[in-house]
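Trainee: Protein chains in written order, with my numbering: chain A, 37 to 386; chain B, -7 to 277.
Using N, Cα and C, we set each Cβ at its ideal position, and we do this for glycine too.
Being a predicted model, the structure only gives us computed values, none of them experimental.
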């Protein structure tokens, strides 16, 4: 296994990168900056069309920036052609070469490096072991399942010992069970090799489950960059909170250090003006006793989710979504009380 | 499911149509006398066969010259066709339709007209009466076919595979050798076969540009026919037709054999455009 360790992991830095696809068209990236720390798995999370795949293609050298710099391990890679950059990519499609078997596919990068047969065979065997594909050496890509194909693609990228591994939504084509399995594999392998990994995805659940750090990308810029919990607990802006979509966004006003809106008054450090209170669905406390503390709320819908109830509540003209314990059996039309425990709301300007 | 009756019938018809003249040639090649109105030759001998297989005759050098020229033409026109076909198949540029049309020009314009025009130019550059002049002349009708066949294949090539190879450390030449050419293999085989045969069968251009100093098989065959010796002409015609038939037989096996059938289209229909699709694409191009 020691053989699978990359020669050197390296950090990645995008610095004021400008890129566009069509000449004269609007830039996809405009002054894009991002640092991926050495040895971490960083997700680039954003809706489709936000420019995340463009960033990855720029780093891989499949696209040239109009301005700015891209550094790997502190050195600019812009002058290097794709095949000389110290990285490997797994794309959304497995893209296994159909004329080569599993061994030939995994060994492809080593053949390009001109390694001798014995070393190639040994390193390919190590990789097959790592991705649990031993025994399938002489299968053709057409004879593999989707999950196996993507595991071969991962092994083929890892075997060249890249300094940086780029993953472009490699799991999005797999069904849910396989996704889970592949996530664990990616995570295990990445940790074991301490390999700097940039994972492009539009799936927040995937990003949260896998990453050391998540960079939320909106409209060609990084809107927030930090550990996954931070995104959900302290979204940097209203647009990040909107993109994540997991919180209730309650409009209100901030005046002299306190937010006022349908959920009452909450102390905040936000500047005066229009402001939105972000409240996570599971932070709201619902009480079936209509005389309990809290604001009166009308249950408009209740959906059973197996481990919880999802309630739609109407509070003072605002619709709130709450997730409660399965013991809270509310039905549409019930009058309940809802309250927000102190320290659970987060005020965002705008 | 209804069984297709038409296709086997058609294939049988084609085989009969191709083979009947060959059988007649074979009979003529060993005929000594065959006078009207007999349905079968009166006397056989192996004179014509001996003439044709005589190592001292011009037939063997002619065979070598023909094969050498045809192979060179096939390789060079396909090399040009790979580059030009990529431009036509994968990229859009102003005047692409015009280029496609211009490529067909040598096919549309009668060969004799083209040859006369070419001859004037070739004389000026001292290319007449030389083997490389003949190769150059044969490239004129061969290259458009190579380009169109390969352009059709390129339109179905998924360049994501090339990107994948590049990010695994393959430089441009290696991407071509290890990814693009294997993907284009069926179309490339068709193109090589087609251009080889175009050169192999070429008569007018060889006659005018070679000026008699470059003796390919078609030239020898025409002079044999002119001499009135039907048996020798028939034996020579066999020498001209059998190598291409063997060649087509071998490549057709490569195109329809287990290697080609392996691709069930599940993984990537774009990666291995089959030969049938290639020819169908040629019609569209």
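So, under 8 angstroms CB-CB, residue 232/B and residue 209/B are touching, yes? Tell me the CB distance rounded to an integer number of Å.
Mentor: Indexing the second chain from 1 puts residue 232/B at position 240. Indexing the second chain from 1 puts residue 209/B at position 217. Rounded, the Cβ-Cβ distance is 5 angstroms, consistent with contact.
Trainee: Does the structure place the region 56 to 69 of chain A close enough to the region 227 to 234 of chain A that three or more beta carbon pairs sit under 8 angstroms?
Mentor: The region 227 to 234 of chain A vs the region 56 to 69 of chain A: no contact.
Trainee: Please tell me whether residue 347/A and residue 335/A are closer than 9 angstroms, where the distance is taken between their beta carbons.
Mentor: Position 311 of the first chain holds residue 347/A. Position 299 of the first chain holds residue 335/A. It is a contact, given that the beta carbons lie within the stated cut-off.
Trainee: Could you please tell me which residues of the region 141 to 163 of chain B, in chain order, have their CB closer than 9 angstroms to any CB of chain A?
Mentor: Against chain A - using a Cβ distance shorter than 9 angstroms - the residues of the region 141 to 163 of chain B are 150, 152, 153, 155, 156, 157, 158, 159, 160, 161, 162, 163.
Trainee: Label residue 329/A either buried or exposed according to how many other C-beta atoms from any shown protein chain fall within 10 Å of its C-beta, with 16 as the threshold for buried.
Mentor: As a position in the first chain, residue 329/A is number 293, starting the count at 1. So residue 329/A counts as exposed.
Trainee: Tell me, please, whether the CB atom of residue 86/B is closer than 9 angstroms to any CB atom in chain A?
Mentor: Indexing the second chain from 1 puts residue 86/B at position 94. Taking Cβ atoms only, chain A never reaches closer than 9 angstroms to residue 86/B, which makes this a no.
Trainee: Give the straight-line distance between the Cα atoms of residue 157/B and residue 71/B, rounded to the nearest whole angstrom.
Mentor: The residue labelled residue 157/B in the question sits at position 165 within the second chain. The residue labelled residue 71/B in the question sits at position 79 within the second chain. Answer to the nearest angstrom: the Cα atoms are 21 angstroms apart.
Trainee: Which parts of the region 18 to 102 of chain B are runs of the beta strand (DSSP E), unbroken and 3 residues or longer, counting only runs that do not cross its ends?
Mentor: Within the region 18 to 102 of chain B, the complete beta strand (DSSP E) runs of at least 3 residues are 23 to 25.
Trainee: Taking only beta-carbon positions, decide if residue 145/A is within less than 9 angstroms of chain B.
Mentor: Sequence index remark: in the first chain, residue 145/A carries index 109 (1-based). Answer yes: the Cβ-Cβ gap between residue 145/A and chain B drops below 9 angstroms somewhere.
Trainee: Does the beta-carbon distance from residue 203/B to residue 141/B come in below 9 angstroms?
Mentor: Position 211 of the second chain, counted from the start, is the residue given in the question as residue 203/B. Position 149 of the second chain, counted from the start, is the residue given in the question as residue 141/B. The answer is no: Cβ separation not under 9 angstroms.
Trainee: Give me the subset of the region 100 to 125 of chain A whose CB atoms are less than 9 angstroms from a CB atom of chain B, sorted by chain position.
Mentor: Residues passing the 9 angstroms Cβ filter: 117, 118, 119, 120, 121, 123, 124, 125.
Trainee: Enumerate in chain order the residues of its own chain whose CB-to-CB distance from residue 117/A is below 8 angstroms, with the five nearest sequence positions on each side excluded.
Mentor: Counted from its first residue, the first chain places residue 117/A at position 81. Hits under 8 angstroms: 97.
Trainee: Inspect the beta-carbon positions of residue 368/A and residue 331/A and report whether they are closer than 9 angstroms.
Mentor: Here residue 368/A refers to the residue found at position 332 when the first chain is read from its first residue. Here residue 331/A refers to the residue found at position 295 when the first chain is read from its first residue. Contact flag unset, no.
Trainee: Answer yes if the region 60 to 71 of chain B comes into contact with the region 176 to 189 of chain B, meaning at least three C-beta pairs across the two stretches below 8 angstroms, and no otherwise.
Mentor: With the cut-off at 8 angstroms, the region 176 to 189 of chain B and the region 60 to 71 of chain B touch.
Trainee: Would you mind giving the Cβ-Cβ distance between residue 215/A and residue 207/A, rounded to the nearest angstrom? I have them listed as a contact below 8 angstroms.
Mentor: One-based indexing of the first chain puts residue 215/A at position 179. One-based indexing of the first chain puts residue 207/A at position 171. Residue 215/A to residue 207/A, Cβ: 5 angstroms. Contact.
Trainee: Can you list, in chain order, the residues of its chain whose CB lies under 7 angstroms from that of residue 167/A, leaving out five sequence neighbours each side?
Mentor: Sequence index remark: in the first chain, residue 167/A carries index 131 (1-based). Excluding residues within five positions, the ones whose Cβ falls inside 7 angstroms are 187, 190, 191, 221.
Trainee: Could you check whether the Cβ of residue 371/A sits closer than 9 angstroms to any Cβ belonging to chain B?
Mentor: Indexing the first chain from 1 puts residue 371/A at position 335. No - not a single Cβ of chain B is within 9 angstroms of the one on residue 371/A.
Trainee: Would you call residue -1/B buried or exposed, if buried means 16 or more other Cβ atoms sit within 10 Å of its Cβ?
Mentor: Translated into positions along the second chain, residue -1/B becomes position 7. Exposed.
Trainee: Going residue by residue through the region 279 to 319 of chain A, where are the continuous beta strand (DSSP E) segments of at least 3 residues, counting only ones entirely within it?
Mentor: Qualifying beta strand (DSSP E) stretches, in chain order: 283 to 291, 294 to 297, 300 to 303, 309 to 316.
Trainee: Could you compute how far the alpha carbon of residue 179/A sits from the alpha carbon of residue 240/B?
Mentor: On the first chain, residue 179/A is found 143 positions in, with the first residue counted as 1. On the second chain, residue 240/B is found 248 positions in, with the first residue counted as 1. Between residue 179/A and residue 240/B, the C-alpha separation is close to 31 angstroms.
Trainee: Could one say the Cβ of residue 196/A lies closer than 9 angstroms to chain B's Cβ atoms, at least one of them?
Mentor: Within the first chain, the letter at position 160 stands for residue 196/A. Yes, residue 196/A lies at the interface with chain B (some Cβ there is under 9 angstroms from its Cβ).
Trainee: Would you check if there are 3 or more beta carbon pairs closer than 8 angstroms linking the region 241 to 248 of chain A to the region 76 to 85 of chain A?
Mentor: Yes, the region 241 to 248 of chain A touches the region 76 to 85 of chain A.
Trainee: DSSP three-state call for residue 273/A: helix, strand or coil?
Mentor: Your numbering for residue 273/A matches position 237 in the first chain. Three-state DSSP puts residue 273/A in coil, outside helix and strand.
Trainee: So, is the C-beta of residue 261/A closer than 9 angstroms to a C-beta in chain B?
Mentor: For the purposes of this step, residue 261/A is taken as the residue at position 225 of the first chain. No - not a single Cβ of chain B is within 9 angstroms of the one on residue 261/A.
Trainee: List, in chain order, every chain B residue whose beta-carbon is nearer than 7 angstroms to that of residue 96/A.
Mentor: Locating residue 96/A in the first chain gives position 60, counting from the first residue. 159, listed in chain order.
Trainee: Kindly indicate if chain A contains any beta-carbon less than 9 angstroms away from that of residue 258/B.
Mentor: Against the second chain, residue 258/B aligns to sequence position 266. For residue 258/B, the predicted structure reports a pLDDT of 39, less than 50, and the residue's modelled location is therefore unreliable. A value from the coordinates is still provided. Yes, contact with chain A.
Trainee: Determine the extent of the alpha helix (DSSP H) in which residue 135/A is found, giving its start and end residues.
Mentor: Taking the first residue of the first chain as position 1, residue 135/A is located at position 99. Counting along the chain, residue 135/A falls outside any alpha helix (DSSP H), and DSSP gives it neither H nor E.
Trainee: Just checking: is the beta-carbon of residue 46/A within a distance shorter than 9 angstroms of some beta-carbon in chain B?
Mentor: Here the question's residue 46/A lines up with position 10 in the first chain. Not one chain B Cβ lies under 9 angstroms of residue 46/A.
Trainee: Residues of chain A with CB closer than 7 angstroms to the CB of residue 166/B, please, in chain order.
Mentor: Indexing the second chain from 1 puts residue 166/B at position 174. By Cβ distance, chain A contributes 148.
Trainee: Between the Cα of residue 366/A and the Cα atoms of 300/A, 198/A, 345/A, 149/A, which residue gives the shortest distance?
Mentor: In the first chain, the residue the question calls residue 366/A occupies position 330. Of the listed residues, the one whose Cα sits closest to residue 366/A is 345/A.
Trainee: Measure the alpha-carbon distance for residue 212/B versus residue 4/B and round it to whole angstroms.
Mentor: Taking the second chain and counting its residues from 1, the one referred to as residue 212/B is at position 220. Taking the second chain and counting its residues from 1, the one referred to as residue 4/B is at position 12. Rounded to whole angstroms, residue 212/B to residue 4/B spans 32 angstroms at the Cα level.
Trainee: Measuring only between beta-carbons, confirm whether residue 175/B sits less than 9 angstroms from chain A.
Mentor: What you label residue 175/B is simply residue 183 of the second chain in a count that begins at 1. Closer than 9 angstroms to some Cβ of chain A, the Cβ of residue 175/B qualifies, so yes.
Trainee: On a CA-only basis, which of 130/B, 86/B, -3/B, 224/B is nearest residue 49/B? Give me that one, please.
Mentor: For the purposes of this step, residue 49/B is taken as residue 57 along the second chain, with counting starting at 1. Of the listed residues, the one whose Cα sits closest to residue 49/B is 224/B.
Trainee: Would you mind giving the Cβ-Cβ distance between residue 277/A and residue 314/A, rounded to the nearest angstrom? I have them listed as a contact below 8 angstroms.
Mentor: In the first chain, counting from the first residue as 1, residue 277/A sits at position 241. In the first chain, counting from the first residue as 1, residue 314/A sits at position 278. Yes, residue 277/A and residue 314/A are in contact; Cβ-Cβ is about 5 angstroms, under 8 angstroms.
Trainee: Measure the C-alpha to C-alpha separation of residue 341/A and residue 213/A and round it to an integer number of angstroms.
Mentor: Numbered from 1 along the first chain, position 305 holds the residue referred to as residue 341/A. Numbered from 1 along the first chain, position 177 holds the residue referred to as residue 213/A. Approximately 19 angstroms between the Cα atoms of the pair.
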